[in-house]
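**Student:**
Number of protein chains: 2
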Amino acid sequence: MRIVVLAGGIGGARFLRGLLKAAPDAEITVVGNTGDDIHLFGLKVCPDLDTVMYTLGGGINEEQGWGRADETFHVKAELAAYGVGPGWFGLGDRDFATHIVRTQMLAAGYPLSAVTEALCDRWKPGVRLLPMSDDRVETHVAVDVDGERKAVHFQEYWVRLRASVDAHAIVPVGAEQAKPAPGVLEAIAEADVVLFPPSNPVVSIGTILAVPGIREAIADAGVPVVGLSPIVGGAPVRGMADKVLAAVGVEATAAAVAAHYGSGLLDGWLVDTVDAAAAAEVEGAGIRCRAVPLMMTDLDATAAMAREALALAEEVRG
Amino acid sequence: MRIVVLAGGIGGARFLRGLLKAAPDAEITVVGNTGDDIHLFGLKVCPDLDTVMYTLGGGINEEQGWGRADETFHVKAELAAYGVGPGWFGLGDRDFATHIVRTQMLAAGYPLSAVTEALCDRWKPGVRLLPMSDDRVETHVAVDVDGERKAVHFQEYWVRLRASVDAHAIVPVGAEQAKPAPGVLEAIAEADVVLFPPSNPVVSIGTILAVPGIREAIADAGVPVVGLSPIVGGAPVRGMADKVLAAVGVEATAAAVAAHYGSGLLDGWLVDTVDAAAAAEVEGAGIRCRAVPLMMTDLDATAAMAREALALAEEVRG
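So the sequence lines, in the order shown, correspond to chains A and B. For the first sequence, my numbering assigns the number 1 to the initial residue and increments by one for each residue that follows. For the second sequence, my numbering assigns the number 1001 to the initial residue and increments by one for each residue that follows.
1) Are the region 1236-1256 of chain B and the region 1184-1201 of chain B in contact at 8 Å, needing three or more beta carbon pairs?
2) Hey, how far is the Cα of Ala1235/B from the Cα of Thr1253/B?
3) If you measure from the beta carbon of Leu79/A to each beta carbon in chain B, is any gap under 7 Å?
4) Since Leu119/A meets chain B, which of its residues come closer than 9 Å, beta carbon to beta carbon?
5) Cβ atoms of Val152/A and Val159/A: under 7 Å apart, would you say?
6) Is Thr103/A close to chain B? Criterion is C-beta to C-beta, closer than 7 Å.
7) Span of the alpha helix (DSSP H) holding Asp1220/B?
8) Is the Cβ of Ala1107/B closer than 7 Å to any Cβ of chain A?
9) Return no unless some Cβ of chain B is closer than 7 Å to the Cβ of Asp93/A.
10) Taking the beta strand (DSSP E) that Thr1029/B belongs to, which residues open and close that run?
11) Taking Cβ positions, are Gly1018/B and Ala1303/B nearer each other than 7 Å?
12) Taking only three categories from DSSP, how would you classify Ser164/A?
13) Using the Cβ count rule (16 or more neighbours within 10 Å means buried), how would you classify Met53/A?
14) With H, G and I counted as helix, E and B as strand and the rest as coil, what does DSSP make of Gly268/A?
15) Is the separation between the beta-carbon of Thr321/A and that of Leu49/A shorter than 7 Å?
16) Three or more C-beta pairs under 8 Å: does that hold for the region 93-108 of chain A against the region 1082-1099 of chain B?
17) Determine the chain A residues that contact Val1075/B at a beta-carbon separation under 8 Å, and present them in chain order.
18) Below 8 Å between beta carbons is the criterion; list the residues of the region 1032-1046 of chain B that meet it against any residue of chain A, in chain order.
19) Using the Cβ count rule (16 or more neighbours within 10 Å means buried), how would you classify Arg1149/B?
20) Report the three-state DSSP secondary structure of Ser1113/B (helix, strand or coil).
21) So which residues of chain B does Arg122/A contact, with C-beta pairs closer than 8 Å?
22) Looking only at DSSP bridge pairs, what is Lys44/A linked to?
23) Between Val1137/B and Ala1175/B, is the Cβ-Cβ spacing less than 7 Å?
24) Note down the Cα distance separating Gly1239/B from Leu161/A, rounded to an integer number of angstroms.
25) Relative to the C-alpha of Asp267/A, which candidate in Gly222/A, Gly183/A, Asp275/A has its C-alpha closest?
26) So Leu1016/B and Val1127/B are in contact, right, with Cβ under 8 Å, and what is the actual spacing, rounded?
27) Specify the secondary structure class of Asp1095/B as computed by DSSP and reduced to three states.
28) Would you say Thr207/A reaches chain B, if we count a Cβ-Cβ gap shorter than 7 Å as a contact?
29) Rounded to whole angstroms, what is the Cα-Cα separation between Asp166/A and Trp1088/B?
30) Could you check what DSSP says for Leu294/A in three-state terms: helix, strand or coil?
31) Quick check on Lys150/A: does DSSP put it in helix, strand or coil?
32) For a quick check, are the C-beta atoms of Gly988/B and Ala107/A less than 7 Å apart?
33) Have a look at the DSSP bridge pairing and note the partners of Ala235/A.
34) Using alpha carbons as the reference points, say which of Val101/A, Tyr82/A, Leu91/A lies closest to Met1105/B.
35) Can you give me the Cβ contacts of Ile1038/B inside the same chain, cut-off strictly under 7 Å, excluding the 5 residues immediately before and after it?
36) List the DSSP bridge partners of Gly1227/B.
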């Protein structure tokens, strides 16, 4: 079975670990969000790709869900001693090496997809990890600072401001001109099922879908497309998805997120058991819906979620 | 008193520490060798400038004489795990931060002299540290590998090969087209004395003198130029200066190095007491010579050497 998964960072990575356990023989292609990539200290940082790579490759800091296990922060402390910022982005020493290798390869002319493949040669994540695009896409967030509206990089909004100010708009700058990375459209065309993990529907999966050709390829693939709600009981399971949902005028409910993806894209939708009452509304919108436990408390619970998603896909396929 | 010092790495840096103690009120400008600069992992590394900066700024690893104190090597280990080399160059985590800042500033358009000044804002070395040039100069060494002559970067010859193969030629590639960095010629013109510390006469001081205009400015400055022999008892005090002296046809003796600089450039020369017999030969070549202890065993011994150099300068001035 060939599965394509659109993934953001922590939520997507953890779901993928469950999927690998639920479907060990599947050929899994992950299309990763690169809209939150950022240049820091002259280095290209790809937080979502790295979170997937480190999580599946066994290098992740399990507690925080991002960054490297057994990490030190000497480079960062020295940069601060030089007065070079930003200090709010937590790059560890081991993590720095990944960005140094990536930046060096990009400078040598390799596209991000080739760089990602080279990095994965080491980590062996057990999936094929593709960036959504080799072109630069950068998610900007419109916020009010001292009474003036300005656009800040998504990481500045998310990490520095902790999404504590209202987001008035979310713009994936460059997305309109971006092309899907080599292999993305082919993987979707050859997929038996497409999954949307409980990643952020706006700044993760939404950004991937904003690359021209990807949404259309998924809609036209003629295979079940099944998503898992990142909203449980009216709040994000983790992260601050409600803040960016508000920016695009979508309520932070499991049903509203399904409607946001829409029945033209989504065939099946899993909501948590606490949101069972929402299932009728989702089904009314033309999307098959099941209520199952959606808390990724451990690997077994996550694998069970992945099995439910695959079962719903088969049910949809009919 | 205004003193200009041409300096390589460890030997130059340690001598400068003694000079600062011997002449605490002097205005010292250091013209640093950049011929052994190297690009590693896409980063610009300036070993000699950093050794001077770290040594005088209190950040040096005292035992090895280069690199940072209290250093860790996580970035390097991770780069090796990615299969990215070279592994023979010992960059520590704290040291990496310096190269990251430097590379970022160079990429933003600052010349190396401005970058060095910015880095020294943090380290406050107590001297004005100038690179010999803002232009790229790279010392290459001609060696025989598997029966074939090829040119390797000086660092490869020095660090990877440990100078264990014969050097047939030493070429400061790019030197002929290089211009002295802003401030270098001015500092020499305004100097009261110019000192050559016991740095490598070929690949450190020789490379600085290979930048058109610097040798001439020193010769024309009309002030005492005094050097300290890096050769004691027929062998280098540290490092492998004898290997590169052989490449340029100069014997590894205190007198031969003085003659190599020449009386057109050098007014005074300090040899170690064990080489007292060589003093007559040096004086015969028109260079005032004194035999004094030249082992930089501690700060006091080094300060005494600096005082001897300044005393010889005054004697030459007459």
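Ideal Cβ positions, reconstructed from N, Cα and C, are used throughout, including at glycine.
**Tutor:** For this structure:
1) By the C-beta criterion, the region 1236-1256 of chain B is judged to be in contact with the region 1184-1201 of chain B, since at least 3 inter-stretch pairs fall below 8 Å.
2) Translated into the one-based positions of the second sequence, residue 1235/B becomes position 235. Translated into the one-based positions of the second sequence, residue 1253/B becomes position 253. Going by the C-alpha atoms only, they are around 7 Å apart.
3) Against the first sequence, residue 79/A aligns to sequence position 79. At least one CB atom of chain B sits nearer than 7 Å to the CB of Leu79/A.
4) Taking the first sequence and counting its residues from 1, the one referred to as residue 119/A is at position 119. Within chain B, the residues whose beta carbon sits less than 9 Å from that of Leu119/A are Tyr1082, listed in sequence order.
5) The residue you call residue 159/A lines up with position 159 of the first sequence. The residue you call residue 152/A lines up with position 152 of the first sequence. Cβ atoms of Val159/A and Val152/A: not closer than 7 Å.
6) Numbered from its first residue, the first sequence carries residue 103/A at position 103. Judged by the 7 Å Cβ criterion, Thr103/A is in contact with chain B.
7) As a working note, residue 1220/B is residue 220 in the second sequence. Note, Asp1220/B: alpha helix (DSSP H), 1214-1220.
8) In the second sequence, counting from the first residue as 1, residue 1107/B sits at position 107. Yes - at least one Cβ of chain A is within 7 Å of the one on Ala1107/B.
9) Walking along the first sequence from the start, residue 93/A turns up at place 93. Output row for Asp93/A: interface = yes.
10) As a working note, residue 1029/B is residue 29 in the second sequence. Per DSSP, the continuous beta strand (DSSP E) segment holding Thr1029/B begins and ends at 1027-1032.
11) What you label residue 1018/B is simply residue 18 of the second sequence in a count that begins at 1. What you label residue 1303/B is simply residue 303 of the second sequence in a count that begins at 1. Against a cut-off of 7 Å, the Cβ pair of Ala1303/B and Gly1018/B comes out as a contact.
12) Numbered from 1 along the first sequence, position 164 holds the residue referred to as residue 164/A. Residue state for Ser164/A is assigned as coil, using DSSP reduced to three classes.
13) Reading the first sequence from its first residue, position 53 is the one you call residue 53/A. Buried, by the Cβ-count rule.
14) Along the first sequence, read from residue 1 onward, the residue named residue 268/A stands at position 268. Gly268/A falls in the strand class under three-state DSSP.
15) An answer regarding residue 321/A cannot be provided, because it is not within the stretch 1 to 318 covered by chain A.
16) Output reads yes: the region 1082-1099 of chain B touches the region 93-108 of chain A.
17) As a first step, residue 1075/B must be located in the second sequence, where it is residue number 75. Correct list: Val75, Asp93, Arg94, Phe96, Ala97, Ile100.
18) Result list: Phe1041, Gly1042, Leu1043.
19) Within the second sequence, residue 1149/B is the residue found at index 149, counting from 1. The residue is exposed, with fewer than 16 neighbouring Cβ atoms inside 10 Å.
20) Translated into positions along the second sequence, residue 1113/B becomes position 113. The answer is helix: DSSP assigns Ser1113/B an H, G or I state.
21) To locate residue 122/A, count along the first sequence from 1; it is residue 122. In chain order, Ala1081, Tyr1082, Gly1083 make up the part of chain B whose C-beta sits under 8 Å from the C-beta of Arg122/A.
22) Sequence index remark: in the first sequence, residue 44/A carries index 44 (1-based). His39/A.
23) One-based indexing of the second sequence puts residue 1137/B at position 137. One-based indexing of the second sequence puts residue 1175/B at position 175. Between Val1137/B and Ala1175/B, the C-beta spacing is below 7 Å.
24) For this step, residue 1239/B is matched to residue 239 along the second sequence. For this step, residue 161/A is matched to residue 161 along the first sequence. Counting only the Cα atoms, Leu161/A lies some 52 Å from Gly1239/B.
25) Residue mapping note: residue 267/A aligns to position 267 of the first sequence, counting from 1. Its Cα nearest to that of Asp267/A, the residue Gly222/A stands out among Gly222/A, Gly183/A, Asp275/A.
26) One-based indexing of the second sequence puts residue 1016/B at position 16. One-based indexing of the second sequence puts residue 1127/B at position 127. About 6 Å separates the beta carbons of Leu1016/B and Val1127/B, which is inside the 8 Å limit, making them a contact pair.
27) Working through the second sequence from its first residue, we reach residue 1095/B at position 95. Residue state, collapsed to three classes: helix.
28) Here the question's residue 207/A lines up with position 207 in the first sequence. So, not an interface residue.
29) What you label residue 166/A is simply residue 166 of the first sequence in a count that begins at 1. What you label residue 1088/B is simply residue 88 of the second sequence in a count that begins at 1. Using only the alpha carbons, I get a separation of about 51 Å.
30) Within the first sequence, the letter at position 294 stands for residue 294/A. Coil.
31) Residue numbering aside, residue 150/A sits at position 150 when the first sequence is read from its first letter. Strand.
32) Given a span of 1001 to 1318 for chain B in the structure shown, any question on residue 988/B remains unanswerable.
33) Within the first sequence, the letter at position 235 stands for residue 235/A. Beta-bridge pairing links Ala235/A to Val232/A.
34) As a first step, residue 1105/B must be located in the second sequence, where it is residue number 105. Nearest of Val101/A, Tyr82/A, Leu91/A to Met1105/B, Cα basis: Tyr82/A.
35) Position 38 of the second sequence, counted from the start, is the residue given in the question as residue 1038/B. Contacts found: Val1045, His1153, Gln1155.
36) Here residue 1227/B corresponds to residue number 227 of the second sequence, with the count starting at 1. According to DSSP, Gly1227/B shares a beta bridge with Phe1196/B, Trp1269/B.
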